[in-house]
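Quick note: the sequence shown uses this note's numbering, first residue 1, plus one each step.
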Amino acid sequence: MEERLYLILDSKGTPLANAVLESPKNSEVLQIRVLGDKVDEVAAHHEIQLIGLDDRSPDRVGLIIRQREDRLVVQPTAALGPDARENLRILTTFTSVMYHVTGRWKGQRTIYGKDLSCGGVAFYTAKPLEMREIIELVLPVTDFPLVVRAQVIRAISEEPEKYLYAAKFVDLIHDEEALIRKAVFSIQIRTAD
Numbered sequence: 001m002e003e004r005l006y007l008i009l010d011s012k013g014t015p016l017a018n019a020v021l022e023s024p025k026n027s028e029v030l031q032i033r034v035l036g037d038k039v040d041e042v043a044a045h046h047e048i049q050l051i052g053l054d055d056r057s058p059d060r061v062g063l064i065i066r067q068r069e070d071r072l073v074v075q076p077t078a079a080l081g082p083d084a085r086e087n088l089r090i091l092t093t094f095t096s097v098m099y100h101v102t103g104r105w106k107g108q109r110t111i112y113g114k115d116l117s118c119g120g121v122a123f124y125t126a127k128p129l130e131m132r133e134i135i136e137l138v139l140p141v142t143d144f145p146l147v148v149r150a151q152v153i154r155a156i157s158e159e160p161e162k163y164l165y166a167a168k169f170v171d172l173i174h175d176e177e178a179l180i181r182k183a184v185f186s187i188q189i190r191t192a193d
């Protein structure tokens with residue numbers, strides 16, 4: 001049986017740990033093996049969310065009904081929509097570059113990543129950007145550097161020489177989405193263990 005890796009979040013969407021699903025993914029009750037000695041931290045929650053690394057894995061909300069060593073039995077209560085993956089935001093730092101597509105500036109600018117989700121990225125830059133501006137940026141945290149387009153959706157803070165922006169990815173193809181999702185999960189796995 002292939003190993004099915006899941007990310008466990010609390011009821012508010014905060015990542016708690018990683019797990020391997022040991023039962024069939026459509027079982028009435030799910031058995032998961034919690035990784036990284038975090039079973040007690042997870043078991044302290046009554047309700048959890050399970051998000052699969054593979055996009056064919058169903059994402060679920062469930063209630064923990066039993067614990068035995070590093071394994072939990074979870075009763076699924078609801079399916080999670082696709083925005084559960086998009087809203088999963090992982091803190092990560094990286095240095096990269098962006099290029100203008102629709103802005104008034106030319107050339108290349110350095111960016112410093114703050115966090116990453118399957119739906120977007122937050123980053124610092126030394127010069128201001130326009131709202132709704134489209135940029136191309138290089139994501140160095142994927143298996144190989146990936147050039148993606150993003151739209152600036154809001155300024156989080158604007159201090160001189162240190163502007164923090166949130167941007168959502170636009171025009172992604174399925175393979176790019178899969179690589180970004182894999183990077184988000186990989187970062188979470190490294191920080192959870």
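For glycine and all other residues, C-beta sits at the position ideal for the given N, C-alpha and C.
CB of residue i within 7 Å of CB of residue j, strictly
| i | j | result |
| --- | --- | --- |
| V147 | E136 | yes |
| T102 | E133 | yes |
| G113 | T92 | yes |
| L7 | I48 | no |
| A43 | Q67 | yes |
| I90 | V184 | yes |
| L164 | Y99 | no |
| L63 | T77 | yes |
| V138 | V170 | no |
For residue j and residue i, the rounded distance between their alpha carbons
| i | j | result |
| --- | --- | --- |
| P160 | R109 | 15 Å |
| Q31 | R4 | 12 Å |
| A126 | A166 | 14 Å |
| V61 | Q188 | 19 Å |
| L16 | D10 | 7 Å |
| C118 | L179 | 9 Å |
| G107 | H174 | 28 Å |
| P128 | R104 | 11 Å |
| E130 | P58 | 38 Å |
| H46 | S186 | 26 Å |
Residues bridged to residue i [DSSP beta-bridge criterion]
| i | result |
| --- | --- |
| S117 | R89 |
| G13 | BP columns for G13 are empty, so no partner. |
| I65 | According to DSSP, I65 bridges with nothing at all. |
| K162 | E159 |
| R109 | M98 |
| E47 | L63 |
Anticipated Cβ contact below 8 Å, residue i with residue j, distance rounded
| i | j | result |
| --- | --- | --- |
| L80 | K182 | Not really, about 18 Å apart at Cβ, beyond 8 Å. |
| L222 | V141 | This structure does not reach residue 222, given that the chain is present from 1 up to 193, and the question cannot be answered. |
I'd like to know if the region 70-84 and the region 30-47 are in contact, where contact means that at least 3 CB-CB pairs between them fall below 8 Å. yes
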